[in-house]
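Let me begin by presenting the structure, written as C-alpha cells, before commenting on it.
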Amino acid sequence: MPELPEVQTVVTGLQQIVGKTILSWRELRSGTVLQHLPSNTSAQHLGIIKTVTRRGKYILITTSTQITVVIHLRMTGRLLMKNKNAPLAKHTQALIQFQDNTCLHFVDPRTFGKIEIYPHDQQPHALQVMGPEPLESAFNPAYLLALTRRRTAPIKNLILNQSVVAGLGNIYVCEALYRARIRPQRTAASLTLPEAKRLYQAIVDLLAAAIAHQGTTFSDYRTIRDQSGNFQQFLRVYHKNTCPEGHIIKIIRQAGRSSFYCPTCQK
DNA sequence: ATTGCTTCCTGAGCGC
DNA sequence: TGCGCTCAGGAAGCAA
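Start counting the first sequence at 964; every next residue gets the next number (the numbering used here).
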C-alpha cells in the first residue's frame, strides 16, 4: 500500500507534468472524482500544472487557474503516465488528459482511492488536522515523547494516526517498531526517553531508505512508469516468518490491521 | 478528549 | 476445476 515513501516516489515522478496544460478530466467510475469547485467554474479550463507536492499520503497538484487537485491512493490506487491512445488497464477509474497527448491514468481495483478538486484556498479536513511531516524538524524526539504522555492507546495505533505524524501506514509502523526494539502493543505512555529517541530515529532512517529505493511494492503499488519499488527486500518483520536474528515473528491484530513483531527483539 | 469499532471494496489464496 | 470463504487495510463516521 502506498505510504509516505511510495507517495513521495510518485510525486517525484510526477514532476514531469509541471508545465503541462490540462485539457480535461474523465471519470470512468462514478464517485472517483469529487468536485468542490463553485458551480460556475468550467471544469474544461483547469489550466497549466504549477506544482506537484506531497503532504502525508496525499498528492497535491496546483494549477495556474487556482485549482488544487488532491489525490489519495489509499491501498490499491496507482497513477500511471501514458500516451493519449494507450489502452485502459482494468479498473481505470479516472483520466487526466493533457494538451501534449499524454494522459495520467488513475487505476484502483478496490476503489477506495479518491481524486478531489478544490479551489486553491480549500482542502480536505484531513489535511487541516494532519500532524507534522516525519522528515521535517517539527517531528523530533521531544515532540514524540510529549505526545505519548497520558496516552493509553498502543504506540502502534498512535503513530498510525495521521494527526500525530503524517504518512506512516501499517508496513512502516511495524518495521520502525522492530528497528526501535519496541513491542507494538506497548501503551504510548510507557515509552521512555531513550525509546522515544530510538523510535524517532528508526522512523526517519526507515523512510529515507525506503524513498531511496522507490518504496515498497507489496501488492499494487507502482511508480508512474509502472515499475515496482525495491524496498520490500529490506523488510525485517512485515509478512516475514522470522526476524533477521532468526526468531519466529508473532502476528497480532491491532487497529483492524495485522501487527508483525519479534517477541525476542522487541520489549 | 480519546479510543476503538464498523464500513467501504475486490483480488488473492486457501480448503474442500 | 471451481466454488465459497476469509483476508488485506486507510480513513471517515460514529459510539462509548
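Quick reminder that beta carbons are idealized off the backbone N, C-alpha and C, glycines included.
This one's a predicted model, so the numbers in the text were calculated from it and none came from an experiment.
Reference residue i, options the options, closest by Cα
i       : options                               : result
Lys1047 : Phe1061, His1054, Lys1053 and Gln1056 : Phe1061
Ile1012 : His1088, His999, Leu1067 and Arg1161  : Leu1067
Tyr1081 : His1202, Leu1198, Leu986 and Ile1030  : Ile1030
Val1033 : Met1044, Lys1045, Ala1151 and Gln998  : Gln998
Tyr1224 : Arg989, Lys1160 and Ala1143           : Ala1143
Gly1219 : Lys983, Phe1181, Arg1199 and Asn1133  : Asn1133
Tyr1163 : Glu1096, Ser1222, Phe1197 and Gln1190 : Glu1096
Lys983  : Val974, Val1167, Thr1039 and Thr1014  : Thr1014
Pro1104 : His1054, Leu1121, Ile1024 and Glu1158 : Glu1158
Asn1120 : Val1092, Ser1221, Arg1161 and Leu1090 : Ser1221
Ala1139 : Arg1161, Phe1102 and Thr1055          : Arg1161
Ala1152 : Leu1108, Gln1085, Ala1175 and Gln1091 : Leu1108
His1083 : Arg1018, Leu1000 and Val974           : Leu1000
Unbroken alpha helix (DSSP H) run spanning residue i, endpoints
i       : result
Ile1134 : Asn1133 to Arg1142
Asn1120 : Ile1118 to Leu1123
Thr1111 : Pro1104 to Thr1111
Lys1230 : No alpha helix (DSSP H) holds Lys1230; DSSP gives it neither H nor E.
Pro1157 : Leu1156 to Ala1175
Gln1091 : His1088 to Gln1091
8 Å Cβ cutoff met for residue i and residue j
i       : j       : result
Cys1206 : Ile1212 : yes
Leu1123 : Leu1131 : yes
Phe1194 : Pro965  : no
Tyr1135 : Arg1199 : no
Gly1094 : Val1128 : yes
Pro1087 : Thr1039 : no
Thr1074 : Arg989  : no
Val970  : Ile1024 : no
Start-to-end residues for the beta strand (DSSP E) that takes in residue i
i       : result
Arg1017 : Ile1012 to Arg1018
Tyr1021 : Tyr1021 to Thr1026
Pro968  : No beta strand (DSSP E) contains Pro968, which is instead part of the alpha helix (DSSP H) from Leu967 to Gly976.
Asn1046 : Arg1041 to Asn1046
Leu997  : Val996 to Gln998
Gln1231 : Any answer about residue 1231 is impossible in this case: the structure gives the chain only from 964 up to 1230.
Ala1057 : Thr1055 to Phe1061
His1035 : Ile1030 to His1035
Ile1215 : Lys1213 to Gln1217
Tyr1245 : With the chain represented from 964 up to 1230, any question about residue 1245 goes unanswered, as that position is not in the structure.
Lys983  : Counting along the chain, Lys983 falls outside any beta strand (DSSP E), and DSSP gives it neither H nor E.
Rounded Cβ spacing between residue i and residue j (contact assumed at less than 8 Å)
i       : j       : result
Leu1098 : Ala1165 : About 13 Å; that fails the 8 Å criterion.
Leu1009 : Ile985  : 4 Å
Gln1177 : Thr1016 : 18 Å between Cβ atoms; not a contact.
Arg1041 : Asp1183 : 6 Å
Thr925  : Thr1115 : As displayed, the chain neither begins before 964 nor continues past 1230, which places residue 925 out of reach and without an answer.
Arg1188 : Gly976  : 7 Å
Gln1125 : Gln1217 : No, Gln1125 and Gln1217 are not in contact; Cβ-Cβ is about 16 Å, not under 8 Å.
Ala1057 : Thr995  : 5 Å
Pairwise C-alpha distance: residue j and residue i
i       : j       : result
Asp1063 : Lys1045 : 11 Å
Gln1229 : Gly1192 : 27 Å
Ser987  : Ile1059 : 6 Å
Gln1196 : Phe1181 : 10 Å
Ala1089 : Asn1204 : 35 Å
Glu1079 : Ser1027 : 17 Å
Val1167 : Ser1002 : 43 Å
Tyr1201 : Thr1227 : 16 Å
Pro1117 : Ala1049 : 47 Å
Lys1020 : His1035 : 7 Å
Leu978  : Thr1065 : The question names Leu, but residue 978 in the sequence shown is Gln. Each residue's Cα considered, the two are about 14 Å apart.
Ile1174 : Gln1190 : 14 Å
Ser1100 : Gln1085 : 25 Å
Arg1146 : Cys1137 : 9 Å
Arg1018 : Gly1209 : 37 Å
Thr1179 : Gln1091 : 27 Å
Leu1169 : Arg1112 : 24 Å
Val974  : Thr1055 : 19 Å
Lys1077 : Leu1043 : 15 Å
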